[in-house]
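**Student:**
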Amino acid sequence: MTHYENTIANYSSNLTVIENTSDKQIQNLALTIAQAADDRKASDITILKVTEVSYLTDYFVIVTGFSRTQVKAIADAIEEKVYQTHQQVPKQTEGKNDGNWILQDFGDVIVHIFLPEEREFYNLEAFWGHAERLEFSSLEVTQVSRS
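Numbering (my numbering), first residue to last: 100 to 246.
1. Any chance you could list the beta strand (DSSP E) runs of at least 3 consecutive residues sitting entirely within the region 150–186, in chain order?
2. What residue range does the beta strand (DSSP E) around Lys-148 cover?
3. Nearest to Ile-144 by alpha carbon, out of Ala-129, Asp-157, Thr-156 and Leu-155?
4. What are the start and end residues of the beta strand (DSSP E) that includes Asp-204?
5. Starting from Leu-208, trace the beta strand (DSSP E) both ways and give me its first and last residue.
6. Beta carbon of Thr-156, beta carbon of Val-149: below 9 Å?
7. Taking the straight line between their C-alpha atoms, what separation do you get for Thr-131 and Gln-203?
8. Count the other C-beta atoms from every protein chain shown that fall within 10 angstroms of the C-beta of Val-210, then say buried if there are 16 or more, exposed otherwise.
9. According to the neighbour-count rule (16 or more other Cβ atoms, all chains shown, within 10 Å of its Cβ), is Lys-69 buried or exposed?
10. Where does Gly-228 land, buried or exposed, given buried means 16+ other C-beta within 10 angstroms?
11. In the DSSP assignment, the alpha helix (DSSP H) including Asn-127 goes from what residue to what residue?
12. Please name the residue in Ser-121, Ser-142, Ile-125 and Gln-126 whose C-alpha comes closest to that of Ser-236.
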């Protein structure tokens, strides 16, 4: 029988913490998406960092458009800006024909573009209430809450 023992190494307090660059890149993707939506006059732009509460993705970007035409234009602007900036296209897009709620899956970031009624009905911010919530305001993002 083999006996395994857990060993804890003692390290000095002079450790340097290196921030994960991939998380910065993913956050930058979320900010690019939010900015593209803002450029098309999307409203109530919210970024949720769901890394700690979901295995699906790292961030949700949730925005509101006020007509089907605007919702589709926001989706197109996001696709174009993400391709130009990050050379990525959505892995999947749903709802583009209808235009009430368009979902774009960029892997690490999932985008929800709603008409106001759909956004209120589905209330994703409440459903993912334990996620870190970031408010977006034209090129600046601030941490609002973390559960």
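Heads up, the beta-carbon is just placed ideally off N, CA and C, and yes, glycines get one too.
**Tutor:** On the basis of the coordinates in this document:
1. 158–163
2. 142–148
3. Nearest neighbour of Ile-144 by Cα position, chosen from Ala-129, Asp-157, Thr-156 and Leu-155, turns out to be Ala-129.
4. 200–204
5. Residue identity differs from the one stated: residue 208 is Val in this sequence, not Leu. It spans 208–213 - the beta strand (DSSP E) in which Val-208 sits, taken as one unbroken run.
6. yes
7. 14 Å
8. Val-210 comes out buried.
9. Absent from the structure is residue 69, since the part of the chain shown begins at 100 and ends at 246.
10. exposed
11. 120–138
12. Ser-142
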